[in-house]
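Residue numbers (my numbering): 262 to 395.
By construction, the Cβ of each residue, glycine as well, lies at the ideal position given by its N, Cα and C atoms.
Since this is a predicted model, take the numbers as computed values, not measurements.
Reviewing the structure listed below.
Next comes the structure, spelled out in structure tokens:
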């Protein structure tokens, strides 16, 4: 009898967890993301680790639940954008995809000061940086 089709590590997930009901644990990591995002001096964070340990699941779960984790959630917009998407393989396409996700929020789309800079074409690095600054 052979078990060649079984993964070497039984704790490796089959793929990104998209159903929040199936996501468990990682409370400290979720709190750290929220506190760095909404702190007095927001800071960037990097989620790093070996393949298939749950980085995407963590970020996607945060995307689904961030409004419950930060105070004054109306001050923020959180998007989830897979960089493995064919639409994000070139730098300019990434900016367009991120802009489109941001424009999906009515608080952005209905505010010309926020939406107009995201609609500029071409949306290159400088234009995207200016739009995000708004």
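Other residues of its chain near residue i: CB distance less than 6 Å, five sequence neighbours each side excluded
i: residue 331; result: 295 and 299
i: residue 389; result: 356
i: residue 334; result: 328
i: residue 339; result: 324 and 327
i: residue 348; result: 354 and 358
Cβ separation of residue i and residue j, assumed to be a contact under 8 Å, to the nearest whole Å
i: residue 392; j: residue 360; result: 7 Å
i: residue 352; j: residue 380; result: Rounded, the Cβ-Cβ distance is 18 Å, inconsistent with contact.
Own chain, CB closer than 8 Å to residue i, minus 5 neighbours either side, in chain order
i: residue 322; result: 278, 281, 284, 287 and 291
i: residue 374; result: 395
i: residue 376; result: 364, 369 and 370
Contacting residues, own chain, Cβ-Cβ under 7 Å from residue i (five flanking each side not counted)
i: residue 320; result: 308 and 341
i: residue 304; result: 297
i: residue 345; result: none
Ordered list of alpha helix (DSSP H) runs contained in the region 266-352, each at least 4 residues | 288-299 and 316-330
In chain order, each beta strand (DSSP E) run of at least 3 residues that lies wholly inside the region 356-387 = none
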